[in-house]
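Working notes, structure below.
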Ligand SMILES: Cc1cc2nc3c(=O)[nH]c(=O)nc-3n(C[C@H](O)[C@H](O)[C@H](O)COP(=O)(O)OP(=O)(O)OC[C@H]3O[C@@H](n4cnc5c(N)ncnc54)[C@H](O)[C@@H]3O)c2cc1C
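In our numbering, the protein residues as written are 2 to 301.
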């Protein structure tokens, strides 16, 4: 089946891009595999009008509102292949269906790679958190850990001590902060623990302590962790989209990737990770892609 635009990934960035293009009278297909990165978090914060709701509740409203647009079609499935051909792009799903479109928007997000520490995955987004703007208010002034090392760990300490002074940095092995950084951390009465972390002790994702390899248990309310990630989908790589050093899709203003006719939006191309940012980026990519299409059609 042929569309004007296919959007791969139908979470915040993709659904917003779909609404913007649908309202711009474009025939759009959104393909989504239903696995957003924040699925486990019980309360999504800091998105005006939706503060504290579950991710699923926010998506439910978005899907209901999109149903009003007969220009937009939604398909539950995983896109596994993306190819450029003379008239545009073809996208094939895991179920074997192939769709074509003149343009693509990729809003597939990123995949966090969990460390091999028991408890981290179960607590992810609940009490092991990635972002103070999303979850910091709820655990402000509470005993808090930071799982990190080196410059990244130091930066996280500097940021998070604004929310709580009761901080412990777990380097999970030999500390790789510079002597200068260690001195600054110690000056703020922040403890650095190098003993490897054995496990996060928790009940249904709510942690109560970090257990060290020597059996010590450090009681805490929350742990911040900046985890490594990969692109959630390899379609950007299949199409030849350039990546940045950090592993994000390289984009110019408004989400234009290095491949002509392909835009990206949301977590897959931005370090500012948050629902409002993904929504704003989805709008911008859709509006500027549509502008590009109108200009081409006008000149033709
Ligand atoms: C644990 C956690 C908690 C968070 N809490 C908050 C919070 O409280 N407030 C806040 O503002 N932000 C929060 N964030 C950040 C926020 O969730 C992200 O910024 C936002 O989800 C990014 O939206 P996105 O549309 O770019 O990607 P995602 O929401 O990750 O969605 C990507 C979508 O693409 C789909 N997809 C991927 N590959 C394919 C494929 N090949 N074919 C089809 N579909 C595909 C996925 O299934 C998914 O539905 C949190 C993030 C995490 C990890």
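Don't be surprised by glycine CBs; every beta carbon is placed ideally from N, CA and C.
Rounded C-alpha distance that separates residue i from residue j
| i | j | result |
| --- | --- | --- |
| residue 200 | residue 216 | 10 Å |
| residue 55 | residue 44 | 5 Å |
| residue 154 | residue 61 | 36 Å |
| residue 234 | residue 10 | 9 Å |
| residue 123 | residue 67 | 32 Å |
| residue 82 | residue 196 | 44 Å |
| residue 295 | residue 283 | 18 Å |
| residue 297 | residue 93 | 26 Å |
| residue 47 | residue 99 | 38 Å |
| residue 232 | residue 265 | 12 Å |
First and last residue of the uninterrupted alpha helix (DSSP H) at residue i
| i | result |
| --- | --- |
| residue 134 | 133–136 |
| residue 94 | Not the alpha helix (DSSP H): residue 94 falls in the beta strand (DSSP E), residues 89–94. |
| residue 195 | Per DSSP, residue 195 belongs to no alpha helix (DSSP H) and is neither H nor E. |
| residue 162 | Where residue 162 is concerned, there is no enclosing alpha helix (DSSP H), given that its DSSP letter is neither H nor E. |
| residue 67 | 56–67 |
| residue 181 | 180–188 |
| residue 141 | Note, residue 141: premise wrong, no alpha helix (DSSP H); not H, not E. |
| residue 25 | Unbroken run through residue 25: none, as it is neither H nor E. |
The beta strand (DSSP E) enclosing residue i, as first and last residue numbers
| i | result |
| --- | --- |
| residue 170 | 168–171 |
| residue 210 | 207–213 |
| residue 4 | 3–9 |
| residue 85 | 80–86 |
| residue 30 | 29–33 |
| residue 77 | 73–77 |
Residue i: CB within 7 Å of a non-hydrogen atom of ligand 2
| i | result |
| --- | --- |
| residue 62 | Of the ligands one can find in the structure shown, namely ligand 1, none is ligand 2. |
### Secondary structure, beta strand (DSSP E): runs of 3+ residues fully inside the stretch 217–299
218–220, 223–226, 230–232 and 263–265
### Query
Given 8 Å as the limit, is there contact between the stretch 65–75 and the stretch 149–162, that is, 3 or more CB pairs closer than that?
no
### Query
Quick check: the stretch 246–262 against the stretch 284–293, are there 3 or more CB pairs under 8 Å?
yes
### Task
Evaluate contact between the stretch 95–114 and the stretch 179–188, counting only Cβ atoms and requiring at least three cross-stretch pairs below 8 Å.
no
### Message
Could you tell me which whole beta strand (DSSP E) segments of length 3 or greater appear in the stretch 97–124?
### Response
99–107 and 111–113
### Query
Counting Cβ pairs closer than 8 Å, one from the stretch 273–281 and one from the stretch 20–30, do we hit at least three?
no
### Message
Any contact between the stretch 245–252 and the stretch 267–274? By contact I mean 3 or more CB pairs, one from each, below 8 Å.
### Response
yes
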